[in-house]
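Residue numbers (our numbering): 211 to 773. Ideal Cβ positions, reconstructed from N, Cα and C, are used throughout, including at glycine. Fair warning: this is a prediction, and the values are worked out from it, not measured in the lab. What follows is a set of notes on a single structure, which appears directly below.
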Amino acid sequence: MKLSPILLSSLLLITGLACKREDGPLSPDAFSGDGQVKRPAVSPPKGATPSEGGEDEGAENPETETGTVDPLEPGEIRTTESLIDEAWAHQIAGTLQSYYIPSKALWGESWDDSAQATTALIDFMKLTGTREYLGVIQKVYDTHKSANFIRDKALSNALWATAWIHAYDLTQDKRFLETSKIILDDMDATGWDARVGDLTACGGGLFNLRSDKTNVSANPPVAITNKLSASTAYYIKLNAALHNRIEGDTKYLERANKGWLWLTTVGVVNNSGLVNNGVTTKCKNDGLQTWTHTQGLFFSAAIELNKAAPKKEYIDAAKKLFEGVLINLVTSEGILREANDSRCGTCLNDERLWKGIFMRNLREAQVELKDQAIEKFIENNILKAYKSTRSTADSIGFHWQGPFDSSDAGRQASALELFNAGLTAKTYTNLALNRVAQTTANCAPGESGAQAVDGSALTKWCSLVGDGVTSLIIDLDSEVEFTKIKVLHGAAGGENLDSNTRNFTLAVGGSATGPFTTVADVVDNTSTASIHKFNKVKSRFVKLQITRGGSDGLARIYELTVE
Numbered sequence: 211m212k213l214s215p216i217l218l219s220s221l222l223l224i225t226g227l228a229c230k231r232e233d234g235p236l237s238p239d240a241f242s243g244d245g246q247v248k249r250p251a252v253s254p255p256k257g258a259t260p261s262e263g264g265e266d267e268g269a270e271n272p273e274t275e276t277g278t279v280d281p282l283e284p285g286e287i288r289t290t291e292s293l294i295d296e297a298w299a300h301q302i303a304g305t306l307q308s309y310y311i312p313s314k315a316l317w318g319e320s321w322d323d324s325a326q327a328t329t330a331l332i333d334f335m336k337l338t339g340t341r342e343y344l345g346v347i348q349k350v351y352d353t354h355k356s357a358n359f360i361r362d363k364a365l366s367n368a369l370w371a372t373a374w375i376h377a378y379d380l381t382q383d384k385r386f387l388e389t390s391k392i393i394l395d396d397m398d399a400t401g402w403d404a405r406v407g408d409l410t411a412c413g414g415g416l417f418n419l420r421s422d423k424t425n426v427s428a429n430p431p432v433a434i435t436n437k438l439s440a441s442t443a444y445y446i447k448l449n450a451a452l453h454n455r456i457e458g459d460t461k462y463l464e465r466a467n468k469g470w471l472w473l474t475t476v477g478v479v480n481n482s483g484l485v486n487n488g489v490t491t492k493c494k495n496d497g498l499q500t501w502t503h504t505q506g507l508f509f510s511a512a513i514e515l516n517k518a519a520p521k522k523e524y525i526d527a528a529k530k531l532f533e534g535v536l537i538n539l540v541t542s543e544g545i546l547r548e549a550n551d552s553r554c555g556t557c558l559n560d561e562r563l564w565k566g567i568f569m570r571n572l573r574e575a576q577v578e579l580k581d582q583a584i585e586k587f588i589e590n591n592i593l594k595a596y597k598s599t600r601s602t603a604d605s606i607g608f609h610w611q612g613p614f615d616s617s618d619a620g621r622q623a624s625a626l627e628l629f630n631a632g633l634t635a636k637t638y639t640n641l642a643l644n645r646v647a648q649t650t651a652n653c654a655p656g657e658s659g660a661q662a663v664d665g666s667a668l669t670k671w672c673s674l675v676g677d678g679v680t681s682l683i684i685d686l687d688s689e690v691e692f693t694k695i696k697v698l699h700g701a702a703g704g705e706n707l708d709s710n711t712r713n714f715t716l717a718v719g720g721s722a723t724g725p726f727t728t729v730a731d732v733v734d735n736t737s738t739a740s741i742h743k744f745n746k747v748k749s750r751f752v753k754l755q756i757t758r759g760g761s762d763g764l765a766r767i768y769e770l771t772v773e
């Protein structure tokens, strides 16, 4: 997909201006030689609770080190790898887990937020190669599978169908694919409406509520106000996705094709190439908001159909839509904004999820298109969000252009999809996985050092620190070379942000009894996932020594990885 020269030049100008700043986002050089992460302080909103970032959140940090971004030369395209640090996605994923409620196997109290969080974490694991949250995903599935994740709202059901298709891609577990098929079969049976006549029949389209189809079948029938473009776009994309994963399928492809024909001919695509909210009871374009998730779903549906049966019309439709987004749904700096961005206020509804859905679908399309303009657009949004709307606890606000407004599971799940879009899929080896781990003390028998190296964020090592010191020593089995240690602190297991370890050191040595050489000395940590990078280190033993745990005096480490 190639943009017109005028649009491409406009995009370069927008993103180039966004990069001309003196206090740019972190680069790999923002990690000091001793492995201490140096992050620019980002103040939380007024009235933020202490758990959002610790007692000194928003304080000035004179030792903060920030990078700079050179302006683009005319026609220059930077690659994502040159400016975006993978560590950022790990931080965002860690903070997302602070909203996870283990007893409910959900993120917060929202069914839709939890579906988005599930997909975002699955994508994160697939791209980074880690599997530390896989147990969480399996627990969500096992806890709620009895109803097959089907409720009345089509958009909610589609969010969960998406999650389980992605889970299948990650694990090849056919249970996930079967659940997705059950959801899509239900959407077709209880949502697709091919009638012609009154009451928003329109010869096709998907009702937003399963109960809508029952209402129009009543005597006398109950009028349905509209059909949403997003519901039908999901129907197309997910049916095409199932077709592309089921050998010899014809059923799901036929459904995707009928959905595409309806959506592209009913008149919801406006003159700007964007897709409006839906159709009225008279089968006319309702002229309402061009929501970001609707654009992303339409875009991705075209690409998914093209993978099934390549046609120029699919690529052309996607190209026109992306150009429309660049013109109509970005800020002056080229940052994606929601259709009601300035009016969102506290923003407690599903629009918190929609930019993340757009970025996920754009990332998936980019795998096929490999378009430089899309790459630059993704990069620019990540850089701006990380710098302008991130709290010191690595929470991301609703307005990616800044400033930070507030945080919740929906905002954070959407943000993780944004940061996932900057990742390049990689293989991953955790040198500490299932190695022998010694500790000075444990809170309980099931919270020993072994639980810090078992590859799962469902389990933890817990120890009382109080006014003293507690340590975890990991035997890597032999002297090995590594460049990074990641520590998942208390909130990674669904505990409060103030349970995160505050003061600790990381050290390496040739013996479990020492001597040890300190490679990281961290004070006032607020991250749930702290990443510590080094020049190549060669050692057999890694020691984590904690001098200040969470606010209650306990140290909680859900995972320590070495790579």
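Asked                                                                                                   : Found
When Ala549, Phe386 and Asp731 are compared against Ile741, the one with the closest alpha-carbon       : Asp731
Beta-carbon spacing of Ala642, Thr771 below 7 Å                                                         : yes
Residue environment, Thr637, which counts as buried when at least 16 other CB atoms sit within 10 Å     : exposed
Residue interval of the beta strand (DSSP E) (run including Trp671)                                     : Trp671 to Leu674
Closest Cα partner of Ile684 within the set Asn486, Phe751, Ser737 and Thr381                           : Phe751
Selected residue, minimal CA-CA separation from Thr389, among Tyr444, Ser356 and Pro613                 : Ser356
Cα-Cα separation, Thr693 to Thr727                                                                      : 15 Å
At least 3 beta-carbon pairs within less than 8 Å: the stretch 470 to 490 vs the stretch 499 to 507     : yes
Element boundaries [alpha helix (DSSP H), containing Asn550]                                            : Asn550 -> no alpha helix (DSSP H), and no H or E assigned at all.
Any alpha helix (DSSP H) of 4 or more consecutive residues that is wholly inside the stretch 365 to 431 : 384 to 401 and 420 to 426
Which residues DSSP lists as bridging Glu691, in chain order                                            : Lys748
Extent of the continuous alpha helix (DSSP H) to which Leu463 belongs                                   : Lys461 to Thr475
Contact check, Leu784 vs Leu716, beta carbons under 7 Å                                                 : This structure gives no information on residue 784, because the portion of the chain shown stretches from 211 to 773.
Contact check, Ile347 vs Asp396, beta carbons under 7 Å                                                 : no
Thr738 versus Gly700: straight-line alpha-carbon distance, rounded                                      : 7 Å
CA-to-CA distance, Ser324 to Met569, given in whole angstroms                                           : 17 Å
Option in Gly544, Lys565 and Ser542 with minimal Cα separation from Asn550                              : Lys565
Ordered list of alpha helix (DSSP H) runs contained in the stretch 588 to 641, each at least 4 residues : 619 to 630
Ala651 - DSSP class collapsed to helix/strand/coil                                                      : coil
Cutoff 8 Å; reference Lys530; Cβ partners in own chain excluding five residues on either side           : Gly483
Check whether Lys437 and Gly458 have beta carbons under 7 Å apart                                       : no
Stretch pair the stretch 590 to 597 + the stretch 575 to 582: three plus CB contacts closer than 8 Å    : no
Short Cβ contact (7 Å threshold) for Gly620 with Ser598                                                 : no
Test item: CB-CB of Pro420 and Asp362 under 7 Å                                                         : The question names Pro, but residue 420 in the sequence shown is Arg. Contact flag set, yes.
Per DSSP, cross-strand counterpart(s) of Glu769                                                         : Leu698
Nearest-angstrom beta carbon gap, Glu296 and Thr329 [assumed within contact, 8 Å]                       : About 19 Å separates the two Cβ atoms, so there is no contact after all.
Nearest neighbour of Ser707, chosen from Ser673, Gly659 and Ile767 [CA to CA]                           : The sequence shown places Leu at residue 707, rather than the Ser named in the question. Residue Ile767 is the option with its Cα nearest to Leu707.
Trp501 in three-state terms, based on DSSP                                                              : coil
Phe714, DSSP secondary structure in three states                                                        : strand
Local conformation of Arg573 per DSSP, three classes                                                    : helix
CA nearest to the CA of Ala315, picked from Gly304, Thr504, Thr353 and Tyr343                           : Thr353
Own chain, CB closer than 6 Å to Thr289, minus 5 neighbours either side, in chain order                 : Low confidence applies here, because Thr289 scores a pLDDT of 42, under 50, leaving its location unreliable; read the following figure in that light. There are no such residues.
6 Å CB neighbourhood of Cys169 in its chain, flanking five on each side removed                         : Residue 169 falls outside the range modelled here, since the chain spans only 211 to 773, and no answer is possible.
Contact set for Thr372: own chain, Cβ-Cβ below 6 Å, skip 5 residues either direction                    : Thr329
Where the alpha helix (DSSP H) through Thr329 begins and ends                                           : Trp321 to Thr338
Range of the contiguous alpha helix (DSSP H) that encloses Phe532                                       : Lys522 to Asn538
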